[in-house]
Amino acid sequence: MSLVHSLGVLLIVQKFLTIPNFSEKSRVKSSTVVLRMTPIFLIILSSSADPLILAIFSSKEVTVGHLVGMLEIFIHRVSIILIFIIGIKNNRKHLTVILTVVSFEQKIMEECQIEKNFSKKCCCSLPNLEFFFIVIFNFGLSIIFFAAYSENFTFYEILTQYLHIILTASNDLFILYLGHILGELKRLLSVVKRTSKLKEINDFLITTNFLKLFNLVNEALGSLMLVTYFQHIISCSLGAYYIFWIGSTTKISGINIYFLFGSIIWTSRDAIYMIFLSNMGNSLKYQMDEYLSFQNRVENVLASNEYRKKDGYKNQSNHKLWIHHLERGIVACGSLKINNSGIFSIITFVTTVIVVLIQFKNIEDNTT
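Quick look at the structure:
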């Protein structure tokens, strides 16, 4: 499958968020772009001036529990606004990534003689299944919640909660979108490895073009990865606090049982997304390093006089030097490497947030 087909519904969602002017076949009309951007404009407008959140943050009697809940809502809204702004700013680069990957896939098919089913559509692909699961899960859980406790909420609070569900689902779909782009690069690399014949000079051009994709992805999507990564880290920290807070109470009953169960799912979901994106970046870099090491070993074996006479061989030394100075992993904003090396730092951050919030909770309990 090509990148466009393998991303499935996740790419369609991005047409309403970061790339409203994208079309695989033809140029998008201005009226279509405006229509695509209308929903996100309405969501941002309603998210930017929510009197319920402003009232909570401005209140002098707000509890730590309410503050954590409002922070969770607030961080999702800030995240989607930043994703939209950065996405529009990097729109051209984002489109370049998609078109370059598609072009590279076509080149691989032609030069390496990949079977035609490489670009075959699949309506039951993993991204499509993930999309439907996230939508059904988020809205299904909220329906159960409101059916049980609807008398405790006003109509406006219910609308606010459903807006939060839409934003949560959008953020979840976005990090999955980024992860599957890395997954497509990983799959392309496996195709290059399987079809590589190192006696052919054009294989070095294929490797060079593939490595350039890393720079394109980092430049176009690095800032977006940083936003969604930190959003899920903070959200995971807030959910973990609820687990410790509610779980440490002597009596857990009524609505607290639901919140405890929901907090466990909330925290686990964010942790899974972070692990998913980190593993994709880590696996991609590991396979790239492994492939280049293998290529270097074979080059040394093939250093015969006949091979040296080929025109492309003279440029291989420069090619190796260029590779050593090129970033071979996924880096967000030029500093945060998307791999498993940062897991310990994430755990430390989450633990610190939990400890700080628990201390505030203890101070609150002692003063009441």
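Take the sequence shown: its letter number 284 is residue 284 in the UniProt record's numbering, and every next letter is one higher. Built from N, CA and C at the ideal position, the CB exists for glycine as well.
Apply the 10 Å Cβ neighbour rule to residue i and answer buried if 16 or more other Cβ atoms are within range, or exposed otherwise.
i                : result
lysine 309       : Low local confidence applies: a pLDDT of 49 at lysine 309 is under 50, so the model's placement there is unreliable, and no value is given.
phenylalanine 22 : buried
arginine 77      : buried
isoleucine 265   : exposed
asparagine 362   : exposed
asparagine 366   : exposed
lysine 89        : exposed
isoleucine 252   : exposed
valine 355       : exposed
glutamate 184    : buried
glycine 8        : buried
serine 103       : exposed
tyrosine 242     : buried
Nearest to residue i by alpha carbon, out of the options?
i                 : options                        : result
valine 64         : Arg269, Leu260, Leu238         : Leu238
residue 416       : Lys251, Arg269, Arg194         : Since the displayed the chain opens at 1 and closes at 368, residue 416 lies outside it and no answer follows.
phenylalanine 210 : Asp289, Ile338, Pro20          : Asp289
leucine 35        : Lys15, Leu167, Ser48, Met70    : Lys15
asparagine 138    : Trp245, Ile330, His164         : His164
serine 79         : Gln231, Thr348, Cys236         : Gln231
isoleucine 86     : Ile158, Ser46, Ile252, Ala220  : Ala220
leucine 71        : Ser6, Ile346, Asn218, Cys236   : Cys236
histidine 94      : Ile108, Asn128, Asn218, Asn256 : Asn218
threonine 195     : Gln287, Ile81, Ile108, Leu17   : Ile108
threonine 96      : Ile19, Val68, Pro127, Ser170   : Ile19
tyrosine 177      : His5, Val33, Val356            : His5
asparagine 282    : Asn340, Ile243, Tyr291         : Asn340
leucine 3         : Val13, Tyr162, His180, Ile73   : His180
leucine 357       : Ala271, Ile343, Ala240         : Ala240
residue 454       : Glu364, Ile338, Asn171, Leu82  : With the chain represented from 1 up to 368, any question about residue 454 goes unanswered, as that position is not in the structure.
isoleucine 233    : Phe244, Ser30, Val353          : Val353
lysine 186        : Ile75, Ile73, Leu129, Val101   : Val101
glutamate 157     : Ile246, Ile73, Thr348, Val350  : Ile73
leucine 182       : Tyr286, Gln106, Leu129, Ile83  : Tyr286
glutamine 359     : Phe261, Ile83, Trp245          : Trp245
threonine 207     : Ser142, Ala169, Glu105         : Glu105
asparagine 171    : Thr160, Leu141, Leu82          : Leu82
serine 47         : Val62, Phe84, Ser142, Phe344   : Phe84
isoleucine 12     : Leu167, Pro127, Arg92          : Pro127
asparagine 91     : Leu17, Ile272, Leu141, Ser345  : Leu17
Can you confirm whether the stretch 260 to 280 touches the stretch 224 to 241 when touching is taken to mean that 3 or more C-beta pairs between the two stretches lie within less than 8 Å? Using a Cβ-Cβ distance cut-off of 8 Å, the stretch 224 to 241 and the stretch 260 to 280 are in contact, since at least three pairs of beta carbons, one from each stretch, lie closer than that value.
Can at least three beta-carbon pairs, one atom from the stretch 122 to 139 and one from the stretch 38 to 47, be found at a separation below 8 Å? With the cut-off at 8 Å, the stretch 122 to 139 and the stretch 38 to 47 do not touch.
Flag this pair as touching only if the stretch 186 to 195 and the stretch 23 to 33 have three or more C-beta atom pairs under 8 Å; answer yes or no. Touching, no, given that fewer than three Cβ pairs across the two stretches are closer than 8 Å.
Ignoring anything shorter than 4 residues or poking outside the stretch 234 to 264, list the alpha helix (DSSP H) runs there in chain order. If we require 4 residues or more, the stretch 234 to 264 turns out to have no alpha helix (DSSP H) run fully inside it.
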